[in-house]
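Worksheet: the structure to be examined is printed underneath.
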């Protein structure tokens, strides 16, 4: 069986943001056992699962991703949408835009230190749409 | 319920290639609501979802991935299959080989700017096989 | 229908480790057609699918990931858990912690050269827990 809803996340500043609680609050009642897919309908932001406790982890993510995929690279051809745009596309493919998470005993079965991040790679990214699909 | 088929993609040159339309054309009739998994059976190519409009985005992907994972690194041990082979394996794990995409109203529910890329990381990669699984 | 189990992987040294056979041995009887999701409940290790034959490929993975995400970066804020910790978090998000693999004719439908890697990014990572979900 399948349940599916779409939700919009409010605009966030560039960076890595914990959205676990916001996501859980938006879900319908979960089955006892199943799967959740979280799908982001954008190509300049991403989703990932990582450490949910220390906010400096998310700061360091921003630092490292900016070093891995620098702006102002003279080799970029796609520059019309701003210096942050092409790096945002690359970063989006490095983390991905689709998460598949097990459901156990009616809850997301994340590890104790795992949280869900929205990765906002644009300077001015706007609202972001998620498709949430539960199957069981 | 599950439907599953396998398809081969024709050989493509090294680079990032939009395959959204080719993939959709190969799919059986989609359920009203469900999920599609696209699985690539190779370890030197990858799949990702990214910008579907400007071809220079795909050119820049090739440029950036080559900078992130350079060829001719004296530290590589696995060099027998060519200088492009070991970087191809790394790049494959950076983007991944499995995409999970929601189906809504009988269509893939991609964002308006999202397309599906085959990432061909070998200089001479040959045909590539996909397993397409629809569940609903 | 859904089947779900949890298993613990024994502690491994830092590096990339083939776990395909160990994983298959832990699975219950597989359906004729379906999907398997493998979910790792940690944020400093990862899962990926890559070349299953030459052990030097896994050595080179360790070399390249250490170059892409260096330790001892003066810009890291999250350093209390050791110099290997923050890079481990980043590497975990680069490969991901969730794999979705098709099942065909009662077997995992991996390509002939594909194997499943546990990516242990900590120097001293301990046991690692997986949630295995089969749906069909």
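Protein chains in written order, with our numbering: chain Z, 1 to 136; chain C, 137 to 272; chain B, 273 to 408. All residues carry an ideal CB built from backbone N, CA and C; glycine is no exception.
If you draw a straight line from the C-alpha of residue i to the C-alpha of residue j, how long is it?
| i | j | result |
| --- | --- | --- |
| residue 14 (chain Z) | residue 377 (chain B) | 46 angstroms |
| residue 143 (chain C) | residue 268 (chain C) | 8 angstroms |
| residue 79 (chain Z) | residue 72 (chain Z) | 9 angstroms |
| residue 221 (chain B) | residue 370 (chain B) | Residue 221 (chain B) cannot be examined here, being either before or after the span of chain B that is shown, 273 to 408. |
| residue 58 (chain Z) | residue 166 (chain C) | 39 angstroms |
| residue 272 (chain C) | residue 137 (chain C) | 5 angstroms |
| residue 276 (chain C) | residue 147 (chain C) | Lying before the first or after the last residue shown, residue 276 (chain C) is absent from chain C, which here runs from 137 to 272. |
| residue 295 (chain B) | residue 152 (chain C) | 32 angstroms |
| residue 297 (chain B) | residue 196 (chain C) | 42 angstroms |
| residue 375 (chain B) | residue 141 (chain C) | 11 angstroms |
| residue 34 (chain Z) | residue 293 (chain B) | 25 angstroms |
| residue 134 (chain Z) | residue 36 (chain Z) | 5 angstroms |
| residue 47 (chain Z) | residue 326 (chain B) | 32 angstroms |
| residue 380 (chain B) | residue 145 (chain C) | 21 angstroms |
| residue 198 (chain C) | residue 334 (chain B) | 22 angstroms |
Determine the closest residue to residue i out of the options, with distance taken between C-alpha atoms.
| i | options | result |
| --- | --- | --- |
| residue 392 (chain B) | B:302, B:352, B:359, B:403 | B:359 |
| residue 254 (chain C) | C:141, C:210, C:179 | C:179 |
| residue 174 (chain C) | C:262, C:232, C:261 | C:232 |
| residue 353 (chain B) | B:394, B:305, B:281 | B:394 |
| residue 357 (chain B) | Z:107, Z:83, Z:36, Z:51 | Z:51 |
Taking the Cβ atom as the reference point for each residue, do residue i and residue j lie within a distance shorter than 9 angstroms?
| i | j | result |
| --- | --- | --- |
| residue 112 (chain Z) | residue 101 (chain Z) | no |
| residue 321 (chain B) | residue 382 (chain B) | yes |
| residue 349 (chain B) | residue 56 (chain Z) | yes |
| residue 397 (chain B) | residue 317 (chain B) | yes |
Looking only at its chain, what residues have a beta carbon closer than 6 angstroms to the beta carbon of residue i, apart from the 5 residues adjacent to it on each side?
| i | result |
| --- | --- |
| residue 28 (chain Z) | 3 |
| residue 168 (chain C) | 242 |
| residue 147 (chain Z) | The structure shown does not extend to residue 147 (chain Z), since chain Z spans only 1 to 136, so no value can be given for it. |
Which residues in the same chain as residue i place their Cβ atom closer than 7 angstroms to its Cβ, once the five residues preceding and following it in sequence are excluded?
| i | result |
| --- | --- |
| residue 313 (chain B) | 401, 403 |
For residue i, collect the residues of the same chain with a Cβ closer than 8 angstroms to its Cβ; drop the 5 residues on either side in sequence, then sort them by chain order.
| i | result |
| --- | --- |
| residue 205 (chain C) | 223, 226, 227, 230 |
| residue 219 (chain C) | 207, 208 |
| residue 250 (chain C) | 185, 186, 187, 188 |
- Message: At a CB distance below 7 angstroms, what residues from the region 74-94 of chain Z approach chain C? Give them in sequence order.
- Response: 75, 76, 77, 78, 86, 89, 90, 92, 93, 94
- Message: Output needed in chain order: residues of the region 151-180 of chain C with a Cβ under 7 angstroms from some Cβ in chain B.
- Response: Correct list: 173, 175, 177, 178, 179.
- Please list the residues of the region 319-350 of chain B that have a C-beta atom closer than 8 angstroms to any C-beta atom in chain Z, keeping them in chain order. 340, 341, 345, 347, 348, 349, 350
- Message: For the region 378-400 of chain B, list every residue whose C-beta sits within 9 angstroms of some C-beta in chain C, in sequence order.
- Response: Result list: 381, 382, 383, 384, 385, 386, 387, 389, 391.
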